[in-house]
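Data first, discussion second: the structure below is written as structure tokens.
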Amino acid sequence: MIVGFGFVLLLLGLTAAPPAEAGAGTGAGTRSPGTAAPMGATDPMGATDPMGGAVGSEGSPGQESGARPKAVTFKGRAFDTCRAPSADTMRRWRASPYRAVGVYFGGRGRACHSQPHLSHRWMRTVRDQGWRVLPLYVGSQSTCVFARHKKNVRIGRHPWKQGTAEARDAAQRAAALGMRPGSPLFLDMEAYAYGNKRCARTTLLFVRGWNREVSRRGYLPGFYSSAESGVRHMERSRRAGVRDLPAVVWFARWGVKNGLHREPVLRKTAWAPARRIHQYAGNVRERHGGRTLVIDRNLMHAPVARVD
């Protein structure tokens, strides 16, 4: 059995420790990827580490020291769109059934690099309008990413180091926009061929390096991907006992009834409670308050940004 389990880990690229290049030292504020993640007392993905809380309430993320800021969770409908709408459009869209919005705040893989409305002032304004914000960072993509327009931003030769560097950038950009520690930062990893063992290993090292650095800086590492590729890969990794995995998952499965606990690739106890977002439709046009946007539709029960 031991030999078999080790073989499975090898196939998935789920080695317990990063390569030496990752800088997994023993100094203050660092920990080995094989040790317990900072999110909780036992398994950061399991029911032993709830964040919970009603809409708009704060619940402890379960860190033993109590130093990590509390996470604010929201349960309801959300939309995301490539370019953050103006504050006036957001005000008008209060007529919609949505109460949370996903914004693409950073990353070299963003489709919409230009974000003329997104600023600290915008964050405060939409918060005061009653919106919750979900920050998305589209960084380097898997070496076996399917989308052609993402192949020019693939992960390089040093995935852990690169993931760490991009996480540092994400945290700095989030802080500049007034997002406080305790906010989730979602790494957007578009669909990839996770069955390719070498690619899976490289991708997982990048994601884990990103997650650990995001956590070290006081934010919650989130992960967005298709249910059948990236999210399935993370779930297999979780079942294999890999650490430094996302604290929150945002899974895309379109054309099905929306639901947080019907996703077949996830066990019901995985990323629960209050740690899931389901993107159930994409690239749809909706008009509210006299303004039309092309959006993706989501159902969520998960942490949202804490805005200064």
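Mature numbering (1 follows the signal peptide of the UniProt record, and there is no 0) puts the sequence shown at residues -22 to -1, 1 to 286. Quick reminder that beta carbons are idealized off the backbone N, C-alpha and C, glycines included. Note that the structure is predicted; figures quoted are calculated from it, not measured.
DSSP-derived helix/strand/coil call for residue i
| i | result |
| --- | --- |
| Thr247 | coil |
| Glu213 | helix |
| residue 298 | Summary: the structure shown does not reach residue 298, with the chain confined to residues -22 through 286, and so no result is reported for it. |
| Asp222 | coil |
| Gln257 | strand |
| Lys175 | helix |
| Arg263 | strand |
| Lys98 | Per the sequence shown, residue 98 should be read as His rather than Lys. DSSP places His98 in helix when its eight states are reduced to three. |
| Thr59 | coil |
| Trp109 | coil |
| Asp274 | strand |
| Ala89 | coil |
| Phe184 | helix |
| Ser118 | coil |
| Ser74 | coil |
| Arg69 | helix |
| Gly208 | helix |
| Thr123 | Checking the displayed sequence, the identity of residue 123 turns out to be Val instead of Thr. Looking at Val123 - three-state DSSP - the assignment turns out to be strand. |
| Arg231 | coil |
| Arg190 | helix |
Minimum C-alpha distance to residue i - residue among the options
| i | options | result |
| --- | --- | --- |
| His211 | Gly200, Thr181, Arg284 | Thr181 |
| Ser92 | Ser74, Thr51, Arg253, Phe83 | Phe83 |
| Asn174 | Val192, Thr103, Gly208 | Gly208 |
| Ile273 | Ser97, Val50, Cys122, Tyr76 | Tyr76 |
| Tyr172 | Ala230, His136, Phe124 | Phe124 |
| Thr244 | Val234, Phe229, Gly233, Ala252 | In the sequence as presented, Thr is not what sits at residue 244; that position holds Leu. It is Phe229 whose Cα lies nearest to the Cα of Leu244. |
| Ala252 | Ala280, Arg217, Lys246 | Ala280 |
| Gly85 | Thr103, Gly141, Asp106 | Gly141 |
| Gln107 | Arg176, Arg70, Arg269 | Arg70 |
| Arg179 | Gly134, Gly160, Ala152, Ala205 | Gly134 |
| Ser64 | Leu271, Ala283, Met278 | Leu271 |
| Ala49 | Arg132, Cys90, Thr121, Arg110 | Arg110 |
| His127 | Arg88, Thr51, Trp188 | Arg88 |
| Val185 | Gly160, Ala225, Arg151, Ala153 | Ala225 |
| Thr59 | Ala283, Ala169, Val282, Arg263 | Arg263 |
| Lys129 | Lys139, Ala218, Ala169, Thr51 | Ala169 |
| Gly268 | Thr67, Tyr197, Cys122, Arg231 | Thr67 |
| Ala152 | Cys177, Gly260, Arg195, Arg176 | Arg195 |
| Val227 | Ala218, Arg176, Asn261, Glu206 | Glu206 |
| Gly237 | Met278, Arg158, Ala283 | Met278 |
| Val79 | Leu112, Glu241, Val234 | Leu112 |
| Trp232 | Asn261, Gly219, Gly160, Cys90 | Asn261 |
| Tyr197 | Phe52, Glu241, Ala283 | Ala283 |
| Pro47 | Val220, Pro159, Lys235, Val234 | Pro159 |
Cβ neighbours of residue i in the same chain (closer than 6 Å, five flanking residues each side left out)
| i | result |
| --- | --- |
| Asn276 | Ala56, Ile255, Gln257 |
| Asp166 | Leu114, Val116, Tyr202 |
| Gly156 | His98, Met101, Val285, Asp286 |
| Gly54 | Arg77 |
| Thr103 | Ala65 |
| Thr121 | Arg132, Ile133, Cys177, Thr180 |
| Arg105 | Val285 |
| Ser204 | Ala169, Ala230 |
| Ser161 | Tyr197, Ala283, Arg284 |
Beta-carbon contacts of residue i that lie in its chain and below 7 Å, excluding the five residues immediately before and after
| i | result |
| --- | --- |
| Val192 | Ala145, Ala148, Ala149, Leu163, Pro199 |
| His266 | Arg70, Trp71, Ala73, Ser74 |
| His239 | Lys246 |
| Val131 | Arg86, Gly87, Ser118, Gln119 |
| Ala259 | Trp232, Asp274, Arg275 |
Own chain residues within Cβ distance below 8 Å of residue i, not counting five before or after
| i | result |
| --- | --- |
| Leu96 | Ala62, Val81, Phe83, Leu155 |
| Glu213 | Val243, Leu244, Arg245, Ala248 |
* **In chain order, each alpha helix (DSSP H) run of at least 4 residues that lies wholly inside the segment 126 to 172** => 137 to 154
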